[in-house]
Every structure is written in structure tokens, then in C-alpha cells.
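Asks: The numbering of the sequence shown is full-length UniProt numbering, which starts it at 1 and goes up by one.
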Amino acid sequence: MADTPNASGEPGELYLDAAATESVSPAVIEAMTPFLTEAYANPASVHQPGKTAARALDAARASFAAALGARPDDVIFTSGGTESDNLAIKGIAMARMRKLGLRPVCGFAEADGKQPANCRPRIIISAIEHPAVAQSAAWLHEWFGFEVVRIPVDAQAHLDLDALERELDGEASERTTMVSTMLANNEVGTVEPVEELVRIAHAHGVPIHVDAVQAAGQIPIRFRDWDVDALSVSGHKFGTP
């Protein structure tokens, strides 16, 4: 919640949608202003302004990693939560498809256009995923024939862990490229048991991506302790642009 000033600086409307997008913190604006007005060089450049920008970027990466319980080399900056989800899901799923020998064209030669069950790659998501995750899975289905498995939730939007176990048992686990699930639901606020989800996925040799966009800034994030394979957050949920 924020009291947004109008153009004259007087109190304006009361903003009640911070769960969707938070206002930018004044401290963040102050910290970023020099990089918008003076220290704006390309951090990949070899000249002094570029080196200054590179040092600032490295410092930001280290600070961000510490806040997430991660190491600096764990952090990849993107344009936001949607790109982060897309990059993690498509990247992991495609790499695993190749590693498991599940070729996307293996069944397209059949008359009905369907892949044989024993070579079709799978991705597991929950039934209540944000469109950034659900549409990434749909893209994998449309272009590469992935089977998209949706794990149901209970009345409080908690993931059915027994159903996840069943979907990872037996032959199906050998075709499952990854699991992707949210940490905190963006509509009702349910927090999923991430450590248990990781335990189940890893017990079957399957990597897991966690969409923590709604959770970051509200509950502690412990990337390394949780042992997740990939995790997405977005600054617009906790006071950055």
C-alpha cells in the first residue's frame, strides 16, 4: 500500500495493488540515479567508465546473491520475472530432452501426428501456475510435443504431493525433463513446501525450478539451502524497477 503523490506533490490516490507491482523505493531511486545520469557505460567495455560500470554490476550481483542465499555466480540478470521463468523452463527442459535422448521429432512421422508414449518428453507444473510458467510449458508442447502434466491442488491451493510422487514413479520419470512450481501463489498467497518438493523431484533424478516472484521480499529465500536447480524472482515485487 502506498499513498501516491500527484503531479503537484500533494497526496493523491491510495495505491492498494503492491502485491502485483510495488512502487520503487526512494532509496533505490537514489542509488540508481548516478547510473542513469553519469555512470551509464557498457560494463563490457575496456575503458574506465566501462570498468566502473562493471564493478558496480558485480557489487549488485554479490548483494543480490547474499539476499537470496546464493553465490554471485548463481545470479543471472534478466528483464524480469517472465523472462526468468521462460529462460529457466525452456533452457532446462530442452537440455534435459537431449540428455535423456527424447528427440522432438521422434513421433511426428506417424500418421496421427502424435509421438509414441515411450519417447515423448514431459514437464510437470502445478494446476495453478502463473501464465509465465504455464505458457512456457504450452510452448514446449506446441513446438516440441512435450506432455504437460498438471499436478492438482487442494482447497487451500497446496500442491498434492502424493500426486507428484505418482507422476514421478516408474517409466514416466525417465521422460520427465523437469518440475516447475511456484513458491507463493500470486492470487491467494499459499506458500508451498519447497524443501519437500525439491526432495521428491531430486529423489527421482528430476531438476526443479521454483517461481519465487511473489514470495521474494515477503519470506526469506534460501536458494542454496533449498537445493533448487533454478529460481526466479523479480524486483518489481519488492521496490525496484
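Glycine residues also receive a C-beta, built at the ideal position from the N, C-alpha and C atoms. This one's a predicted model, so the numbers in the text were calculated from it and none came from an experiment.
Could you pull out every residue in the same chain whose Cβ sits closer than 6 Å to the Cβ of Phe108, ignoring the five residues on either side in sequence?
Replies: Note that Phe108 scores a pLDDT of 47, beneath 50, so its modelled location is shaky; the value from the coordinates is reported in the next line. Taken in chain order, the list of residues that qualify is empty.
Asks: Taking a contact to mean a Cβ-Cβ separation below 9 Å, would you say His202 touches Thr176 in this structure?
Replies: The answer is no: Cβ separation not under 9 Å.
Asks: Taking its Cβ as the centre, do 16 or more other Cβ atoms sit within 10 Å of Glu187, making it buried, or is it exposed?
Replies: When all chains shown are included, Glu187 counts as exposed.
Asks: Roughly how many angstroms separate the alpha carbons of Ile209 and Val149, rounded to a whole number?
Replies: One point to set straight first is that residue 209 is His, not Ile, in the sequence displayed. If you take the alpha carbons of His209 and Val149, they lie about 15 Å apart.
Asks: When you compare only the Cα positions, how much space is there between Thr82 and Ala172?
Replies: Spanning the two alpha carbons is a distance of roughly 28 Å.
Asks: Considering Cα atoms alone, identify which of Ser136, Arg120 and Val153 is closest to Arg98.
Replies: Answer by Cα proximity: Arg120.
Asks: Less than 7 Å between C-beta atoms, sequence neighbours within five positions excluded: which residues of the same chain meet that for Val153?
Replies: Contacts found: Ser126, Ala127, Ile128, Leu159 and Asp160.
Asks: Output the distance between the C-alpha atoms of Leu57 and Ala41, rounded to the nearest integer angstrom.
Replies: Whole-angstrom Cα-Cα distance: 11 Å.
Asks: Shortest alpha-carbon distance to Trp143 belongs to which of Met94, Ser84 and Thr240?
Replies: The option with the nearest alpha carbon to Trp143 is Met94.
Asks: How should Ser45 be labelled, buried or exposed, when 16 other C-beta atoms within 10 angstroms of its C-beta is the threshold for buried?
Replies: Flag for Ser45 reads exposed.
Asks: For Leu16, count the other beta carbons within 10 Å of its own beta carbon; 16 or more makes it buried, fewer makes it exposed. Which is it?
Replies: Exposed.
Asks: Can you give the Cα-Cα distance for Val191 and His130, rounded to whole angstroms?
Replies: So the two alpha carbons sit approximately 14 Å from each other.
Asks: Which residues bound the beta strand (DSSP E) around Arg150?
Replies: Unbroken beta strand (DSSP E) run through Arg150: Glu147 to Ile151.
Asks: Which residue from Ala54, Gly50, Met182 and Lys90 puts its Cα closest to that of Ala215?
Replies: That would be Met182, whose Cα lies nearest to the Cα of Ala215.
Asks: Quick one: using the 10 Å Cβ neighbour count with 16 as the cut-off for buried, is Ile76 buried or exposed?
Replies: That one is exposed.
Asks: In the structure shown, what three-state DSSP assignment does Thr82 receive?
Replies: Helix.
Asks: Within 10 angstroms of its Cβ, does Lys51 collect 16 or more other Cβ (buried), or is it exposed?
Replies: Exposed.
Asks: If you follow the alpha helix (DSSP H) that Val28 is part of, which residue opens it and which one closes it?
Replies: Note, Val28: alpha helix (DSSP H), Pro26 to Thr37.
Asks: In angstroms, rounded to a whole number, what distance separates the CA positions of residue 250 and Gly217?
Replies: The structure shown does not extend to residue 250, since the chain spans only 1 to 241, so no value can be given for it.
Asks: According to the neighbour-count rule (16 or more other Cβ atoms, all chains shown, within 10 Å of its Cβ), is Arg96 buried or exposed?
Replies: Buried.
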